[in-house]
Amino acid sequence: MLIGMLRALMVALVFASGSAAAAGVVVGKSEIAFTMRQMGVNFDGRFKQWKADVVFQPDALDKSRAEVDVDLGSVDLASAETEAEAKGPLWFNTPKFPVAHFASASIRNLGGNRYEIAGKLSVKGITRDCVVPVTVKADAAGSRIAEGAFSLKRLDYRIGEGEWADTSVVDNDIRVHVKMVLAPPG
Amino acid sequence: MPRPLANGFVTQRYNSAAIALHWVTAALIIANLLLGLTMVRLPISPQKLHWYLWHKSIGITIFALTSGRLAWRALRPHPAPVAMPTWQRQAAAVSHALLYVLLFATPISGWIYSSATGVQVVYLGTFPLPNLVPKDKALADTLRLVHIGLNSLLFTVICIHAAAALKHHFIDRDMVLARMLPFNRRRGATR
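Set out below in structure tokens:
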């Protein structure tokens, strides 16, 4: 209980400044969203609070990295009722596991504007390999926009346990969309 | 087929398809009212999602059956009204018209409501139906009240409709109800 409260406090402190801590990432224009499929219907959600540390140097990919912390309690879904359920013990269990963490291990150039970020994703105390293909474009202001999507198997991370483990109700595949707008260097 | 009554008058029953459509619709409406009132009180769970799916599917079925009924009614007109005071015949005509309107409006209001909440209706969990409006929280809140209001009105008119039928059957002792019953046991009107 106490540990849970401390964790919650830590999360609150870490995310207190909104996501302004994100190095080089223009938070207002960036987005971490997802689409889940429930009995044949797609539902879109997103996370309101997260922070990202992204260094992207196309000519020095070995020095490039992406690290993202997502405050799972900031999940934005269709209704207050579904958000409360999503934070509950069967889904994210945010009192115990408030943050999802992604850390890149390697970034590979796939040619063109396409890159592949391989790393580890930790959710609910479970860490697994995760590969995120992204497309990087530059906008008129010189910002780079990295955009990608990947499928997350929710049961790999025990997201939706017990009665919710039934994939005929909620599909196992959750499509995660990430858009990071990187401010021009300097 | 005209059927002689014990008193010598001739009356007609509704045709079998009309009778079947009437009672199937009645059963579906009662089931869906109960389902709707129960499911909204459930805590969120897979069961609740399944009940919503069934509620919506039954509603769409009622809408489809009502379309079919009107088409059938155009092809095979209903029998002439049973003799009764003019005000009663007019009241019956008004309540029947209102029932038809509500049998369309109530499911449609639910469909639009579901669209406004951002939940596409998937008929029987298999056939996705188009969203009638884009997702809109304020509109959804309004449509929720509209859907509840139309259901309350529908339930009220059904009660009046049933009470009138029972009054005709047990007090006036005429053919109003009997000619809509699937198995007509009334003397002189048997097969």
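Top to bottom, those sequences are chains A and E.
The first sequence: position 11 = 11 (our numbering), numbered continuously.
The second sequence: position 17 = 17 (our numbering), numbered continuously.
Backbone N, C-alpha and C fix where the C-beta goes; we use that ideal spot for every residue, glycine too.
If you're wondering where the values come from, they're calculated on a predicted model, not measured in any experiment.
Per DSSP, which one or two residues make a beta bridge with A/V176?
A/F34, A/F150
Alpha carbon to alpha carbon, how far is E/R76 from E/L102?
22 Å
Our contact map puts A/R154 next to A/G160 with C-beta atoms below 8 Å; I'd like the distance itself, whole angstroms only.
5 Å
Host alpha helix (DSSP H) of E/A101 (start-end)
Contrary to the premise, residue 101 of chain E reads as Val rather than Ala in this sequence. First-last of the alpha helix (DSSP H) with E/V101: 86-116.
As a quick exercise: from A/Q57, A/P58, A/A146, A/E81, pick the residue whose alpha carbon is nearest that of E/S45.
A/E81
According to DSSP, residues forming a beta bridge with E/P128
E/V122
Using beta-carbon positions only, say whether E/F104 and E/T66 come within less than 7 Å of one another.
yes
Determine the chain A residues that contact E/S45 at a beta-carbon separation under 7 Å, and present them in chain order.
E163
At least 3 beta-carbon pairs within less than 8 Å: the region 174-182 of chain A vs the region 141-148 of chain A:
yes
Would you mind stating whether E/Y123 and E/I60 have Cβ atoms separated by less than 7 Å?
yes
Sort E/V121, E/V133, E/W51, E/C159 by Cα distance to A/N42 and report the nearest one.
E/V121
Please identify, using Cβ separations under 9 Å, the residues of the region 108-120 of chain E that lie next to chain A, in order along the chain.
T117, G118, V119, Q120
Hey, does A/V27 have any beta-carbon neighbour from chain E nearer than 7 Å?
no
Paired residues, beta bridge with A/E67 - DSSP:
A/D53, A/A103
Closer than 7 Å, CB to CB, is A/D59 near chain E or not?
no
Can you give the beta carbon distance from A/D69 to A/W91, rounded, assuming they're within the 8 Å contact cut?
Not quite, the Cβ-Cβ distance comes to about 18 Å (not below 8 Å), so this is no contact.
Cβ of E/V40 less than 7 Å from any chain A Cβ?
no
Contact check, E/L33 vs A/V169 under 8 Å by CB: the rounded distance?
Incorrect: roughly 25 Å between the Cβ atoms, too far for contact.
Taking only beta-carbon positions, decide if E/L53 is within less than 7 Å of chain A.
yes
Count the other CB atoms within 10 Å of the CB of A/V131; is the residue buried (16 or more) or exposed (fewer)?
exposed
Which residues of chain E have a Cβ atom closer than 7 Å to the Cβ of A/M39, listed in chain order?
L49, L53, V122, G125
Cβ contact check for the region 60-77 of chain A and the region 102-114 of chain A: 3 or more pairs under 8 Å:
yes
Do three or more CB pairs link the region 169-183 of chain E to the region 130-150 of chain E at distances below 8 Å?
no
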